[in-house]
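If you read the sequences in order, they're chains A and B. Read in order, the letters of the first sequence are residues 1 to 110 in our numbering. Read in order, the letters of the second sequence are residues 1001 to 1113 in our numbering. All residues carry an ideal CB built from backbone N, CA and C; glycine is no exception. Structure first, commentary second.
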Amino acid sequence: SAVISQKPSRDICQRGTSLTIQCQVDSQVTMMFWYRQQPGQSLTLIATANQGSEATYESGFVIDKFPISRPNLTFSTLTVSNMSPEDSSIYLCSVDHEQFFGPGTRLTVL
Amino acid sequence: KNQVEQSPQSLIILEGKNCTLQCNYTVSPFSNLRWYKQDTGRGPVSLTIMTFSENTKSNGRYTATLDADTKQSSLHITASQLSDSASYICVARPRDRDDKIIFGKGTRLHILP
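Quick look at the structure:
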């Protein structure tokens, strides 16, 4: 099994600012996945992050808005840039083909 | 179009009672189906995973069934406990790895004492 931690657990941010979310795994993994869960909605894949290569973004998500770093096999960051209230969501990282999820970061944008 | 639909949207039952949650999917070709439990403010936790050739899988008081012919799955919870209050999410994975997995919107289950 994998234990995943995320920081911060929640944050309230002002419109136009950026927030970087960290995801730490207790074991080395090749692929890490970033998801968004808007209120009352299902999880939506933002991007897949592989160590040593550019992240692969899903339709509707772009690198300028959601830059991702993957410096090693246990860590990744997702930045939500130039935030608007529509970005208010829970952001989750996942490993092992979605078998394990982190606890999520609850973001509220005012 | 690949879709996963869950019913009911929400359910309220008394502690100790059984319940069954439904999942219909149109993902084809199909690789596996997973049920998750998501507590409020937490990430999803995998309960069961079934390949297209499996009919049932149990995890304690949770039993998932799968009918690949009708593309239906169910999650049965036996002798419910207050800690079962959560959202239950059905997820289908296409066989083609280039296709992304499909998440249902979940069923919100409330257990009353």
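So, with DSSP's three-state summary, where would you put P1044 (chain B)?
coil
For K1037 (chain B), which residues in chain A fall below 8 Å Cβ to Cβ?
Near K1037 (chain B) there are no residues of chain A at all, since even the closest Cβ is about 11 Å away, more than 8 Å.
Where E58 (chain A) sits in the DSSP three-state scheme:
coil
When you compare only the Cα positions, how much space is there between T20 (chain A) and V80 (chain A)?
6 Å
Listed by chain order, chain A residues near K1100 (chain B) by CB distance under 8 Å
L45, E58
So, under 8 Å CB-CB, V1027 (chain B) and A1092 (chain B) are touching, yes? Tell me the CB distance rounded to an integer number of Å.
4 Å
Kindly indicate if chain A contains any beta-carbon less than 8 Å away from that of G1043 (chain B).
yes
Beta-bridge partners of T77 (chain A), as assigned by DSSP
A:Q22, A:S69
Below 8 Å between beta carbons: does that hold for L92 (chain A) and Q37 (chain A)?
yes
Verify the CB distance criterion: does K1105 (chain B) have a CB-CB separation below 8 Å to chain A?
yes
What is the DSSP secondary structure of L1082 (chain B), counted as helix, strand or coil?
helix
Flag this pair as yes or no: are the beta carbons of G1043 (chain B) and P103 (chain A) separated by less than 8 Å?
yes
Cα-Cα separation between D26 (chain A) and V3 (chain A), rounded to whole angstroms
6 Å
Opposing strand residues paired with S1010 (chain B) [DSSP bridges]:
B:R1108
Using CA atoms only, rank isn't needed, just tell me which of A:I90, A:L78, A:Y35 is closest to K18 (chain A).
The sequence given here has Ser at residue 18 (chain A), not Lys. Closest by alpha carbon: A:L78.
Under 9 Å Cβ-Cβ, which residues of chain A neighbour S1080 (chain B)?
Near S1080 (chain B) there are no residues of chain A at all, since even the closest Cβ is about 23 Å away, more than 9 Å.
Which of helix, strand or coil does DSSP assign to P85 (chain A)?
helix
I want to see whether chain A comes within less than 8 Å of S1046 (chain B), judged by CB atoms only; does it?
yes
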